[in-house]
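Participant: Below you will find the structure I want to go over with you.
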Amino acid sequence: MRTSSRPKELSGPDGTPVPVVALKHRDRWIVGTLALVVFAWLLSTLATNPNIRWNKVAEYLFFPKIIDGIWVTLTISVLATVLGLVLGILLAIMKLSHNPVLNWLSTLYIWFFRGTPALVQLIFWYNLAFLFPRLVIEIPFTNIGYFWNTNDVMTGFNSALLGLGLNLAAYFAETVRAGIQAVDKGQTEAAYALGMTPVKRMRVIVLPQALRIIIPPTGNEFISMLKTTSLVYVVAGNDLMTNASQIYKQNNLIMELLIVASLWYMVMTAIATFFQSKLEARYGAEAVRLVRRPGFVQRAFLKRTAQPAMGTAGITLTADDSVTAGKDLT
Amino acid sequence: MSNKLHVEANGVTKSYGTHLVLAGVDFTVKAGEVSCIVGPSGSGKSTFLRCLNALESYDDGTLLVEDRHVGYEYRDGRYYEWNTKQFAQFRSRIGMVFQRFNLFGHLSAEENVACALVQVRGVAKSAASIRAREELARVGLAEHSHKRPHQLSGGQQQRVAIARALAMDPEIMLFDEPTSALDPELVDEVLEAMKELARQGMTMVVVTHEMGFACEVADTVHFFDAGVIVESGTPADVLGNPQRDRTKAFLAKVL
Ligand SMILES: Nc1ncnc2c1ncn2[C@@H]1O[C@H](COP(=O)(O)OP(=O)(O)OP(=O)(O)O)[C@@H](O)[C@H]1O
Ligand SMILES: [Mg+2]
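Protein sequence lines correspond, in order, to chains A and B. Note that this note's numbering has the first sequence beginning at 161, numbered continuously upward. Note that this note's numbering has the second sequence beginning at 854, numbered continuously upward.
This is the structure we're talking about:
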């Protein structure tokens, strides 16, 4: 509680020090204790429940099939997020473009992929072979090309990737659009006035500043993606959830394996949350380096503290300004 | 001072929907001349200035800047609308300074100045940095080159904006109320930089409410009202001895 920094003594009416009696927050103590009791009780019912065999939880925690599943979950999460981000940026730019066709297509995409459940999309991709037994890439009007058996391509893993990535893109497009629109119109005007083309303006001036707004929520998207991957279970994608379920279907230790899976999801979320807070600290602050970012080594070693601005208040902030190649650092 | 015309506008009109913002503007600027545009709010000054560097399109009339028909290319008896590249190429030779500075928020002062050199002119990064620091030194900001816009005062930001425009070697500089967003004590440092530029013979079109600056630096002053130029002439004529009632009424208010 915040009483520690308060004075222990104050000078009294006659000038001599008089002791100060701190306010006792009795209500806080009572409520806090009650909450703890309830929590401990819940925990003990779980821990001492004869129907949960904790030794089995421990046994399966590092079971090879579980560890394999974790890797698949992580891979799908990362790849699907990347796919979603790239496609989302593209969709947002299409949506903001003056070309009515692109605009309309982007709207349709977003509507479709936000309008149908992710689960349905996953199953759809997995069963694509019903619609197209073969996937063909060929030069039109010739026989030159490649074809694949759709069922070979649409494995659990690939359809999970596609389903989750395309789905995220639709949501992310809206975030990106909001970010782009939040960049001041004056930035665009200045870029045009200097002779930049619309593409350069977007890439060099607007997007980097929009990223500042866009990037923090991507951490959230990733965390939610980690758990959404458990949907992959319906297409047997060999992810953590699928593998856990395959084990409990054989040995009937349903609760134990759900606990194992949950523990791992929590660990992954905790790690991702840590990185997300880093990301937010980095992009939330003004010191953003986005255009022509320095390499990792430069970023690690050339961080320096800017002199407090002369004309302005003496703000000190770490600004990794040491960017432009060939610039002497003074 | 040669008599070559850098800007020649004849009957330029522009409307937003049904609102006629420019109602036939006739306007010329000779090489090396400083033209000040004054007039009441909403009279179309900014709109006209933005037409000059094709940030805004106009509806009718002819507008020649640097002997180019703004927005159109004349070829084989026809006017062809410019494509994106032509617009960009044209604007890259025209410097523009905005009321609200519009420095790129994610770049340092030096990068702000160097950015277009690299992106538009294709200058190597190292050469662009050197040039950027020279331009910043010219406006007295050599020590501030590593700072971001938010670490600079308004006056310093506006001087960076001037340096940024000058780095592109513009043939003409446009200023849209460059000191209106500044605290009064910061106005002079920006006007000083502009006066220095005028002394060096830069062709300038300046929309301003700073009558003192107009009197001292302008070769011609144009009084804008309701989308037309009501009165033009030397500062002494237009500001000192206005002929039109509208000009008199406006000047009575601002002076
Ligand atoms: N994009 C726009 N869409 C619609 N109307 C506009 C637009 N831009 C300007 N206008 C209108 O055009 C008129 C002229 O605007 P302009 O900005 O050129 O005036 P100004 O003379 O620069 O005024 P100020 O001194 O306040 O800057 C105003 O009535 C304004 O409302
Ligand atoms: Mg204006």
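Beta carbons: idealized from backbone N, C-alpha and C, even for Gly.
How about the region 1005 to 1012 of chain B and the region 940 to 958 of chain B: do they share at least three Cβ pairs that are nearer than 8 Å?
Facilitator: The region 1005 to 1012 of chain B vs the region 940 to 958 of chain B: in contact.
Participant: Report yes if the CB atom of V891 (chain B) is closer than 9 Å to the CB atom of F1077 (chain B), and no otherwise.
Facilitator: Closer than 9 Å, so yes.
Participant: Let me check you understand the geometry: is the CB of S888 (chain B) closer than 8 Å to at least one non-hydrogen atom of ligand 1?
Facilitator: S888 (chain B) Cβ: outside cutoff for every heavy atom of ligand 1.
Participant: How about A338 (chain A): is its C-beta nearer than 9 Å to some C-beta of chain B?
Facilitator: With 9 Å as the cut-off, A338 (chain A) does not count as an interface residue toward chain B.
Participant: Could you spell out where the alpha helix (DSSP H) holding V286 (chain A) opens and where it closes?
Facilitator: Residue identity check: residue 286 (chain A) is Tyr in the sequence provided, not Val. Counting along the chain, the alpha helix (DSSP H) containing Y286 (chain A) begins and ends at 278 to 286.
Participant: Any residue with its C-beta under 7 Å from a non-hydrogen atom of ligand 4 counts. Can you list them all in chain order?
Facilitator: Ligands in the displayed structure: ligand 1 and ligand 2; ligand 4 is not one of them.
Participant: Contact criterion: CB-CB distance below 9 Å. Does V364 (chain A) meet it with respect to chain B?
Facilitator: So yes, V364 (chain A) belongs to the interface.
Participant: Counting only the same chain and skipping the five closest in sequence on each side, list residues whose C-beta sits under 7 Å from that of A1051 (chain B).
Facilitator: Excluding sequence neighbours, A1051 (chain B) sits near V887, M1057, V1070.
Participant: If you draw a straight line from the alpha carbon of A466 (chain A) to that of G379 (chain A), how long is it in whole angstroms?
Facilitator: With a pLDDT of 37 at A466 (chain A), under the threshold of 50, the modelled position of this residue cannot be trusted; read the value that follows with caution. Their backbone Cα atoms lie some 29 Å apart in a straight line.
Participant: For A1127 (chain B) versus T357 (chain A), is the C-beta distance shorter than 9 Å?
Facilitator: Because residue 1127 (chain B) is not part of the residues shown, which for chain B are 854 to 1108, the question remains open.
Participant: Any C-beta of chain A within less than 7 Å: which residues of the region 891 to 915 of chain B qualify?
Facilitator: Residues N906, L908.
Participant: Is it the case that the Cβ atoms of S237 (chain A) and F332 (chain A) are separated by a distance below 9 Å?
Facilitator: No; because the gap between Cβ atoms is not below 9 Å, this pair is not in contact.
Participant: So with CB distances below 9 Å, who are the chain B contacts of E349 (chain A)?
Facilitator: Those within 9 Å of E349 (chain A) in chain B are R903, L908, M949, F951, N955.
Participant: Where do the ends of the alpha helix (DSSP H) carrying P293 (chain A) lie?
Facilitator: Looking at the DSSP string, P293 (chain A) is not in any alpha helix (DSSP H), and its letter there is neither H nor E.
Participant: Would D344 (chain A) be called buried (16 or more neighbouring beta carbons within 10 Å of its own) or exposed?
Facilitator: By the 10 Å Cβ count, D344 (chain A) comes out exposed.
Participant: For the region 251 to 267 of chain A, which residues have a CB atom closer than 8 Å to at least one CB atom of chain B, in sequence order?
Facilitator: The residues in question: there are none.
Participant: For A370 (chain A), which residues of its own chain have a beta-carbon under 8 Å away from its beta-carbon, when the five flanking residues on both sides are left out?
Facilitator: Same-chain partners within the cutoff: V336, G339, I340, A342, V343.
Participant: Unbroken alpha helix (DSSP H) runs of length 4 or more, entirely within the region 352 to 394 of chain A: which are they?
Facilitator: Runs found: 367 to 388.
Participant: Once you ignore the five residues that flank L376 (chain A) on each side, which residues in its own chain have a CB closer than 7 Å to its CB?
Facilitator: According to the sequence displayed, residue 376 (chain A) carries Pro and not Leu. Cβ within range, chain order: L439, E440, Y443, G444.
Participant: Nearest-angstrom Cα distance between Q406 (chain A) and W189 (chain A)?
Facilitator: Going from the Cα of Q406 (chain A) to the Cα of W189 (chain A) covers about 47 Å.
Participant: Hey, G864 (chain B) and D913 (chain B): beta-carbon distance below 9 Å or not?
Facilitator: Against a cut-off of 9 Å, the Cβ pair of D913 (chain B) and G864 (chain B) comes out as a contact.
Participant: Does A981 (chain B) pass the burial test, meaning 16 or more other C-beta atoms within 10 Å, or should it be called exposed?
Facilitator: Buried.
Participant: Between the Cα of A862 (chain B) and those of B:D1090, B:V973, B:V1081, B:S868, spot the shortest distance and give me the residue it belongs to.
Facilitator: Nearest option by C-alpha distance: B:V1081.
Participant: State yes or no: is the beta carbon of S1033 (chain B) nearer than 9 Å to at least one beta carbon in chain A?
Facilitator: No, because no Cβ of chain A sits closer than 9 Å to the Cβ of S1033 (chain B).
Participant: Residues of chain B with CB under 7 Å from K360 (chain A), in chain order?
Facilitator: Under the 7 Å cutoff, chain B gives Q972.
Participant: For a test of your reading of the model: does the CB of S910 (chain B) fall under 8 Å from any non-hydrogen atom of ligand 1? Yes or no.
Facilitator: False, no ligand heavy atom lies under 8 Å from that Cβ.
Participant: Please list the segments of the alpha helix (DSSP H) lying wholly inside the region 878 to 908 of chain B, counting only runs of 4 or more residues, in order along the chain.
Facilitator: Entirely contained in the region 878 to 908 of chain B, the alpha helix (DSSP H) runs reaching 4 residues are, in chain order, 898 to 905.
Participant: For A1102 (chain B) and D1090 (chain B), I'd like the C-alpha separation in whole angstroms.
Facilitator: C-alpha separation (whole angstroms): 15 Å.
Participant: Indicate whether at least one CB of chain A lies closer than 9 Å to the CB of Q942 (chain B).
Facilitator: Yes - at least one Cβ of chain A is within 9 Å of the one on Q942 (chain B).
Participant: If you reduce the DSSP assignment to three classes, tell me which class P1095 (chain B) lands in.
Facilitator: DSSP places P1095 (chain B) in coil when its eight states are reduced to three.
Participant: Going along the chain, which unbroken runs of the beta strand (DSSP E) with 3 or more residues stay wholly within the region 1011 to 1067 of chain B?
Facilitator: 1025 to 1029, 1057 to 1060, all fully within the region 1011 to 1067 of chain B.
Participant: For my contact list, A432 (chain A) and L400 (chain A) are in at a C-beta cut-off of 8 Å; report their separation, rounded to the angstrom.
Facilitator: Their Cβ separation, rounded to whole angstroms, is 14 Å, which puts A432 (chain A) and L400 (chain A) out of contact at 8 Å.
Participant: Which of the residues in the region 1058 to 1072 of chain B, read from start to end, lie with their CB under 9 Å from any CB of chain A?
Facilitator: Result list empty, no residue passes.
Participant: In whole angstroms, what is the alpha-carbon distance linking G325 (chain A) and V359 (chain A)?
Facilitator: One C-alpha to the other measures close to 25 Å.
Participant: Within 9 Å (strictly less), CB to CB, does A353 (chain A) reach chain E?
Facilitator: Here chain E cannot be found, since the structure's protein chains are A and B.
Participant: For F307 (chain A), tell me which candidate among A:F223, A:I297, A:S437, A:L196 has the shortest Cα-Cα distance.
Facilitator: The shortest Cα separation from F307 (chain A) among A:F223, A:I297, A:S437, A:L196 belongs to A:I297.
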